[in-house]
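Notes to accompany the following structure.
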Amino acid sequence: MVVYLRTLNEPVRASLGLPASELFPLMHVGGLGPLLSILKIELGREAATMVMLATVAAAAGTRWLPAFALLFGVWDLVFYAALKILIGWPVSLWTWDLLFLIPVPWTGPVLAPSIVAASLVAGGLIGLMRPVRQSRTALALIVVGAAVIIVSFTWDWRWIFAGGVPRVFPWWIFWSGEFLGIAGVSLSLMGKTEG
């Protein structure tokens, strides 16, 4: 998405005197004209990527959730590493990124989704190596934690959608979600193993 959006938003950034490496502000969809088809392709690619990851994880059978966590985390970390190698982006872990567009813009410094990705890799590996019967409480903590993290990424979506430049990332919301997710995984580890 980084490459597409940098190309699509070049006129807006140039008019504001911003460097080419910046993703923000986003050009309003109505101003894209014929370039709207590129945005639609990107949205389709996002959805297709999630379907592909879920399909591969489903092949793991009853362990599909830790498999999905592992796949998603590895995919995200490898994607950032590839962007850094291929186009020199992100400049730092504090560089703002547009993570998803579905259903609203998700934004945050690259460090935040990288922390989530590393947590998913760790949780996925733990879940695959030590399968447990997950309690409802543990699953609820993981789901609520994930929802809180999503809130942190979408916190300023109206501002971003209106053409604003990211301001301050709500780290307190983000860390609350991480804590809940880690608590859920930890509680799972205290449960009985499967088999």
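Heads up: the sequence shown runs through residues 0 to 194, numbered per numbering that gives the first Met the number 0.
Note that CB positions come from ideal geometry on N, CA and C, so glycine has one too.
Neighbourhood of residue i by C-beta distance below 8 Å, restricted to the same chain and skipping five residues each side
| i | result |
| --- | --- |
| G194 | Because G194 carries a pLDDT of 49, less than 50, the predicted location of this residue cannot be relied on, and the following value inherits that uncertainty. Result list for G194: P130, in chain order. |
| S113 | D75, L76, Y79 and L92 |
Under 8 Å between C-beta atoms of residue i and residue j
| i | j | result |
| --- | --- | --- |
| L110 | W93 | yes |
| I84 | V115 | no |
| K120 | G72 | Rather than Lys, the amino acid found at residue 120 in this sequence is Val. Against a cut-off of 8 Å, the Cβ pair of G72 and V120 comes out as a contact. |
| A137 | G190 | yes |
| I181 | S118 | yes |
Closest by C-alpha distance to residue i, when choosing among the options
| i | options | result |
| --- | --- | --- |
| I159 | W105, S14 and V90 | W105 |
| E41 | L100, L76 and S175 | L100 |
| L140 | G107, L119, T48 and L186 | L186 |
| S134 | L38, M49, V184 and A81 | V184 |
| R132 | A182, V164, L188 and G163 | L188 |
| S175 | V150, A47 and A46 | V150 |
| F152 | G162, W170 and T54 | W170 |
Exposed unless 16 or more other CB atoms sit within 10 angstroms - verdict on residue i
| i | result |
| --- | --- |
| F168 | buried |
| E177 | buried |
| S36 | exposed |
| G60 | exposed |
| S14 | exposed |
| G107 | buried |
| W154 | buried |
Cutoff 6 Å; reference residue i; Cβ partners in own chain excluding five residues on either side
| i | result |
| --- | --- |
| P89 | V109 |
| S143 | The amino acid occupying residue 143 in the given sequence is Val; Ser does not appear at that position. Excluding residues within five positions, the ones whose Cβ falls inside 6 Å are L179. |
| L76 | A116 |
Close Cβ partners of residue i (< 7 Å) along its chain, the five nearest in sequence each way excluded
| i | result |
| --- | --- |
| A56 | W63, A66, F67 and L70 |
| M195 | Because the chain here runs from 0 to 194, residue 195 falls outside it and cannot be looked at. |
| P214 | What is shown of the chain runs 0 to 194, which leaves residue 214 out entirely. |
Practice item. Pair every Cβ in the stretch 119-126 with every Cβ in the stretch 65-79, then say whether three or more of these pairs are closer than 8 Å. Key: Using a C-beta cut-off of 8 Å, the stretch 119-126 makes contact with the stretch 65-79, since at least three inter-stretch Cβ pairs fall below that distance.
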